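Undergrad: Structure provided below as structure tokens; questions to follow.
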Amino acid sequence: VVKGIRGRSAVAVGECTYDGNGHVDIAVEGARTITGLGSILESRDLSTFQGLNAATYGDVGGYDVFSIDSASSSHVSGTTYFSTRIGTWGGGGNALVEKCSLFVDTPTDDQTELSHVGESVRVVLTNHNLAGEQGKTWDYTPDARFGSNWIQIPLMSQLGKSTSELVVPAFCTKGDDACDEDFGLYTCGAGLPSCPADRPSDPEGVCTALKSTVSAPGGTPSELCVGHSVSLYEEVYSTIIQAERYLDISSLELADGIFLAAIRNAITFLDGKDQTIDIRFLTGLPDFTALHQDRHLQRFMTNVTRDIREPTRLRPTRLRITIGQWFHAALRPDVTAPEDLASWNHAKIIAVDGRLTLEGGHNWASNAYLKSSPILDASLVVEGDVAKHAHRFLDQQWHYICTSGWGLLGYSGRYFVSFPDSRADDCAPVPLMPPGVTGDFTQTKDEAA
561 VVKGIRGRSA
571 VAVGECTYDG
581 NGHVDIAVEG
591 ARTITGLGSI
601 LESRDLSTFQ
611 GLNAATYGDV
621 GGYDVFSIDS
631 ASSSHVSGTT
641 YFSTRIGTWG
651 GGGNALVEKC
661 SLFVDTPTDD
671 QTELSHVGES
681 VRVVLTNHNL
691 AGEQGKTWDY
701 TPDARFGSNW
711 IQIPLMSQLG
721 KSTSELVVPA
731 FCTKGDDACD
741 EDFGLYTCGA
751 GLPSCPADRP
761 SDPEGVCTAL
771 KSTVSAPGGT
781 PSELCVGHSV
791 SLYEEVYSTI
801 IQAERYLDIS
811 SLELADGIFL
821 AAIRNAITFL
831 DGKDQTIDIR
841 FLTGLPDFTA
851 LHQDRHLQRF
861 MTNVTRDIRE
871 PTRLRPTRLR
881 ITIGQWFHAA
891 LRPDVTAPED
901 LASWNHAKII
911 AVDGRLTLEG
921 GHNWASNAYL
931 KSSPILDASL
941 VVEGDVAKHA
951 HRFLDQQWHY
961 ICTSGWGLLG
971 YSGRYFVSFP
981 DSRADDCAPV
991 PLMPPGVTGD
1001 FTQTKDEAA
């Protein structure tokens, strides 16, 4: 049985010179670099394998394993640390020159190659007139990194169980005793009653210190009576507050309820950093009860910036926030042209500084995800250049919003509102991140631009 190779490998033939002191030098006559999927690459340059282990097999049957000290398309040399030949080390008359073959493999934990599924998707995208969309609406990266919390499926533990076991908190409203009005959840902790259940037959809520209640750096979390899926809005909050310079928040619909409270606190937290941060909110579905959608967006802007410190001449806010929306209703059922079909933003993405993203299927709708009949959905937390690709994907939609045709009446159109009000005529920055900028924000704004 031959073990499959996960990373990149290379094979070659040539002439091996063993000097008798543990050094091997190979004049390469033919080399092939091979991916873990079995694809032969055009490049024959072996320099990327420098520092790795390799093996040679000679005409007379000798087998040597060595560490590559230098490599190119025509030459490989290194230091032997295992050999089946007598006299490999020690010098004195044991030098040998012979025809040989060479094999080199990357470590087994190498992650530079796509899986067979990923490679198949890439091939389809590049071979079906979509190559020009790479870097816009699709891309791939070898450096995606996944932490312990990378997959967000809060209801996974509920699968196979009765809905009667689902922990649904009792929700409260303004005027109720011990109520956190923003979250609509009861407070708990020392000296307070135990957490109530949503219904008498339901499990009681769980008293939990919520990070998402903190609205300033160094603040103390409040204890609230929570139910299932608490990790979802906690992760939304935790992702947003990591922003240092650039933040994209995209959703099907604007956040409400607990999600809105968590996002408001996160934005207020960012204001407390006293750093220049460009923030773009993008949404799709309009408020079907409102004729003027810009007023709908302005209400959300007022809500989400409610707790930001009042700007003054001496201390102006350094957050720059734009909220945009686009939605098109199908004007006629028989129309098939893409630009005339019903369409809207449906991406659920939080992208931070080109280095961190939370994205997936969850909408930030409290009724749909946090109450007694929740939707089972999944989202992912990923670090690396995938976040940069997410910003660029959203750039395409912001360019559409900001360049023409916005401000139409009714449900169909493109709209934006900005904060502070002095930016009322300015749409969001596009692109959000200057080209070439990733996770290093030590440069000044002018240098980044």
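In this note's numbering, the protein residues as written are 561 to 1009. Think of the CB as a built atom: it goes at the ideal place given N, C-alpha and C, for glycine as much as any other residue. Nothing here was measured: the structure is a model prediction, and the numbers come from that model.
#1: Please report the distance separating the alpha-carbon of L685 from that of A704.
#2: Can you list, in chain order, the residues of its chain with a C-beta nearer than 6 Å to that of N863? Leave out the 5 residues immediately preceding and following it.
#3: Pick helix, strand or coil for R840, following the three-state DSSP scheme.
#4: Does the pairing of the region 910-918 with the region 803-821 give three or more beta-carbon distances under 8 Å?
#5: Where do the ends of the beta strand (DSSP E) carrying Q885 lie?
#6: Which full runs of the beta strand (DSSP E) of 3+ residues lie inside the region 774-837, going along the chain?
#7: Starting from the N-terminal side, write out each stretch of the beta strand (DSSP E) that is 3 residues or longer and does not extend beyond the region 902-974.
#8: Measuring straight from C-alpha to C-alpha, what distance separates D670 and F706?
#9: Can you list, in chain order, the residues of its chain with a C-beta nearer than 7 Å to that of N825? Leave out the 5 residues immediately preceding and following it.
#10: At the level of alpha carbons, what is the spacing between R845 and A925?
#11: Out of W710, R682 and N687, which has the shortest C-alpha to C-alpha gap to W698?
#12: How long is the line joining the alpha carbons of A1009 and R873, rounded to whole angstroms?
#13: With DSSP as the reference, identify every bridge partner of P729, one or two as the case may be.
#14: Among the candidates D854, S761, G580 and R875, whose CA atom is the shortest distance from the CA of R645?
#15: T639 lies in the alpha helix (DSSP H); which residues open and close that run?
#16: Excluding sequence positions up to five away, which residues of its chain have a Cβ less than 8 Å from the Cβ of P1022?
#17: Under 8 Å, with one C-beta from each stretch per pair, do the region 688-702 and the region 718-736 reach the 3-pair mark?
#18: Of all the options I837, I883, K659 and R759, which has the alpha carbon lying nearest to the alpha carbon of R855?
#19: Per DSSP, which residues does S978 bridge with? Please list them.
#20: With burial defined as no fewer than 16 other Cβ atoms inside 10 Å of the residue's Cβ, what is the status of P934: buried or exposed?
#21: Who are the Cβ neighbours of V562 in its own chain at under 6 Å, not counting the five residues just before and after it?
#22: Taking 8 Å as the threshold (C-beta atoms), are D816 and I518 in contact?
#23: Quick check on E764: does DSSP put it in helix, strand or coil?
#24: Can you tell me whether Y641 is buried or exposed? The criterion is at least 16 other CB atoms within 10 Å of its CB, across all chains shown.
#25: What's the C-alpha gap between P777 and H959?
#26: Any contact of the region 686-696 with the region 631-638, i.e. 3+ C-beta pairs under 8 Å?
#27: In or out: N905 buried (at least 16 other Cβ within 10 Å) or exposed?
#28: Could you confirm whether any beta carbon from chain D is found closer than 8 Å to the beta carbon of F819?
TA: In brief:
#1: Here the question's residue 685 lines up with position 125 in the sequence shown. Here the question's residue 704 lines up with position 144 in the sequence shown. Approximately 19 Å, taken between the alpha carbons.
#2: The count along the sequence shown starts at 1 and reaches residue 863 at position 303. Excluding residues up to 5 positions away in sequence, nothing lies with its Cβ nearer than 6 Å to the Cβ of N863 in the same chain.
#3: In the sequence shown, residue 840 corresponds to position 280, counting from 1. Strand at R840.
#4: Judged by pairs of C-beta atoms under 8 Å, the region 910-918 touches the region 803-821, as three or more such pairs exist.
#5: Translated into the one-based positions of the sequence shown, residue 885 becomes position 325. The continuous beta strand (DSSP E) containing Q885 extends over residues L879 to H888.
#6: Runs of the beta strand (DSSP E) inside the region 774-837: 782-786 and 806-811.
#7: Listed in chain order, the complete beta strand (DSSP E) runs (minimum 3 residues) inside the region 902-974 are 908-912, 916-920 and 939-943.
#8: The sequence position of residue 670 within the sequence shown is 110, counting from 1. The sequence position of residue 706 within the sequence shown is 146, counting from 1. Here the model assigns D670 a pLDDT of 43, short of 50, so the residue's position is not dependable and the matter cannot be decided.
#9: Counted from its first residue, the sequence shown places residue 825 at position 265. Excluding residues within five positions, the ones whose Cβ falls inside 7 Å are S772, T773, V774, S775 and Y797.
#10: Taking the first residue of the sequence shown as 1, we reach residue 845 at position 285. Taking the first residue of the sequence shown as 1, we reach residue 925 at position 365. The identity of residue 845 in the sequence shown is Leu, whereas the question assumes Arg. Taking the straight line joining both Cα atoms gives about 12 Å.
#11: As a working mapping, residue 698 is identified with position 138 in the sequence shown. That would be R682, whose Cα lies nearest to the Cα of W698.
#12: Position 449 of the sequence shown, counted from the first residue, corresponds to residue 1009. Position 313 of the sequence shown, counted from the first residue, corresponds to residue 873. Because the pLDDT of A1009 is 28, which lies under 50, any placement of that residue in the model is unreliable, and the number read from its coordinates should be weighed accordingly. Straight across, the Cα-Cα distance linking A1009 with R873 is about 25 Å.
#13: Taking the first residue of the sequence shown as position 1, residue 729 is located at position 169. Beta-bridge pairing links P729 to A757.
#14: Within the sequence shown, numbered from 1, the residue matching residue 645 stands at position 85. For R645, the closest alpha carbon among the candidates D854, S761, G580 and R875 is that of G580.
#15: Translated into positions along the sequence shown, residue 639 becomes position 79. Secondary structure note for T639: it is in no alpha helix (DSSP H), and the uninterrupted beta strand (DSSP E) holding it is H635 to S643.
#16: Here the chain covers residues 561 to 1009 and nothing more, so residue 1022 does not appear.
#17: No, because fewer than three Cβ pairs between the region 688-702 and the region 718-736 fall closer than 8 Å, the two stretches do not touch.
#18: Along the sequence shown, read from residue 1 onward, the residue named residue 855 stands at position 295. Comparing Cα positions, the closest option is I883.
#19: Counting from 1 along the sequence shown, the entry for residue 978 is found at position 418. DSSP lists T882 as partners of S978.
#20: If you number the sequence shown from 1, residue 934 lands on position 374. Residue environment for P934: buried (at least 16 other C-beta atoms within 10 angstroms of its C-beta).
#21: Taking the first residue of the sequence shown as 1, we reach residue 562 at position 2. Residue placement at V562 is poorly supported in this model, since its pLDDT is 36, which falls under 50; the coordinates still yield a value, given next. The answer is none, since no qualifying residue turns up.
#22: It is not possible to answer for residue 518, since the shown part of the chain is limited to 561 through 1009.
#23: Position 204 of the sequence shown, counting from 1, holds the residue named residue 764. Assignment of E764 by DSSP, reduced to helix, strand and coil, places it in the coil class.
#24: To locate residue 641, count along the sequence shown from 1; it is residue 81. With fewer than 16 other Cβ atoms within 10 Å, it is exposed.
#25: To locate residue 777, count along the sequence shown from 1; it is residue 217. To locate residue 959, count along the sequence shown from 1; it is residue 399. A direct Cα-Cα distance of roughly 33 Å separates P777 from H959.
#26: For the pair of segments examined, the region 686-696 was found not to touch the region 631-638: the number of CB pairs separated by less than 8 Å stays below three.
#27: Residue numbering aside, residue 905 sits at position 345 when the sequence shown is read from its first letter. Taking all protein chains shown into account, N905 has 16 or more neighbouring C-beta atoms within 10 Å of its C-beta and is therefore buried.
#28: In the structure shown, chain D does not exist; there is a single protein chain.
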